[in-house]
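For the sequence shown, the tail end lands on 171 under this note's numbering, and the numbers increase by one without skipping. Idealized CB from N, CA, C, for every residue including glycine.
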Amino acid sequence: MMVDNSSLAKHSNDVLNEFKRSFTEKLCKRDNIITIGATNLEIDSSKAAMSIGGKTLDTAMLDRFQSKILVPNPEKNQVIQSMAMHYANCDKVSSELKDVNNPKMIKLGEFLSKHNISFRKLESIYNEAANSTAGADKNLNFSDIVKAMRTMKEDLKLTNEEIDGIFVH
């Protein structure tokens, strides 16, 4: 539900407008339907929503929801559990990435939660790491996760120095 101000925005804005019309006409008029929207953008009631990368949530769409609840990014233990669960049934993954008590797993969880990495971005890190090792005859490990984070550093808003410091100390 992002406002698109680019020169190629006509199609996406048409789709958004049609969705808003249908949402209002069909869903909002029914007592037996609960509609839930989710975003990782922090909603500021005075501005409707914070802008991320030049994009802003559509205020007319936000106005259609009675309640707005901030769901925070994952904390350290949630990051650790997410990674362990993601890799639990994978054969070509180091056992370290499945062990919630592994010191490297704990350091990584602390780092990612401190830098407000969302579950969506965690999933992107997992996918990037998997893609980088696809076809290789080796198990995915912590260095592959770090390499994936380096590849995605702009999107994660991290520097190489920050990433390099994860397992130092």
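Query	Result
Delimiting residues of the alpha helix (DSSP H) encompassing V102	Segment: none, V102 is in no alpha helix (DSSP H) and carries neither H nor E.
Nearest neighbour of I127, chosen from A136, D146, D60 [CA to CA]	D146
Stretch-stretch touch, CB-based, cutoff 8 Å, three pairs: the segment 79 to 86 with the segment 102 to 118	yes
Whole-angstrom distance between T26 and N34, CA atom to CA atom	14 Å
C-beta atoms of L142 and L114 nearer than 9 Å	no
Assigned secondary structure, V173 (DSSP; H/G/I helix, E/B strand, else coil)	Because the chain in this structure spans residues 3 to 171, residue 173 falls outside the shown range and cannot be described.
Reduced DSSP category for L114 - H, G, I as helix; E, B as strand; rest coil	helix
Sheet register partners of L142 (DSSP bridge)	V95
Own chain, CB closer than 7 Å to F121, minus 5 neighbours either side, in chain order	P76, S84
Where A86 sits in the DSSP three-state scheme	helix
Exposed unless 16 or more other CB atoms sit within 10 angstroms - verdict on S96	buried
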